[in-house]
Amino acid sequence: MFDSLDSGYIPICLIVVAASWFISGVRQLWLLVLLTIAVPIAVSLSWGFLPRLPDLFRPLQFGEDDWVPWIFMAVFLWSAVSLPVGAFFVLLFSIRRKRSAHVQ
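Quick note on this note's numbering: the sequence shown kicks off at 53 and runs consecutively.
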């Protein structure tokens, strides 16, 4: 999954948009805010680390670059984009759910 920084933006944002639909149904405000912040970061972390999870437990070879700091930088950049996307869609879906509840 993590071959380049640019290849992660669209899939991560699409996963966050899909998760935002479910997050927008949460009634407690504190949980809604917590999930709106935590889910994009968790998706970014999993996008970066899950494909390389076995590599975390093996020692580095001589001359091999440590990739973990680079993943954290990528996660920071992906989260900087996916957090506003997630917040926008949670707000949009919450308004949509409230409007459809008033119509019925």
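Even glycine gets a Cβ: it sits at the ideal position worked out from N, Cα and C.
Could you check whether the stretch 135 to 153 touches the stretch 67 to 84, counting it as contact only if at least three pairs of C-beta atoms, one from each stretch, sit closer than 8 Å?
yes
Three-state class that DSSP yields for residue 79 in the structure shown
Reading the sequence shown from its first residue, position 27 is the one you call residue 79. DSSP places residue 79 in coil when its eight states are reduced to three.
For residue 63 and chain D, any beta-carbon pair shorter than 8 Å?
Among the chains in the structure shown there is no chain D, since it carries only a single protein chain.
Whole angstroms are fine: how far does the CA of residue 68 sit from the CA of residue 61?
By 1-based counting over the sequence shown, the position of residue 61 is 9. By 1-based counting over the sequence shown, the position of residue 68 is 16. Looking at the two C-alpha atoms, the distance is approximately 11 Å.
Thinking just about the alpha-carbon of each residue, which of 82, 114, 64 is nearest to the one in residue 98?
Here the question's residue 98 lines up with position 46 in the sequence shown. Selected option, being the one with the closest Cα: 64.
Could you check which residue in 153, 152, 146, 122 has the C-alpha nearest to that of residue 80?
The sequence position of residue 80 within the sequence shown is 28, counting from 1. Ranking the options by Cα distance to residue 80, first place goes to 146.
Which runs of the alpha helix (DSSP H) spanning at least 4 residues fall entirely within the stretch 61 to 147, listed in chain order?
61 to 75, 81 to 101
Suppose you measure from the CA of residue 122 to the CA of residue 88; what does that come to, to the nearest Å?
Position 70 of the sequence shown holds residue 122. Position 36 of the sequence shown holds residue 88. Each residue's Cα considered, the two are about 25 Å apart.
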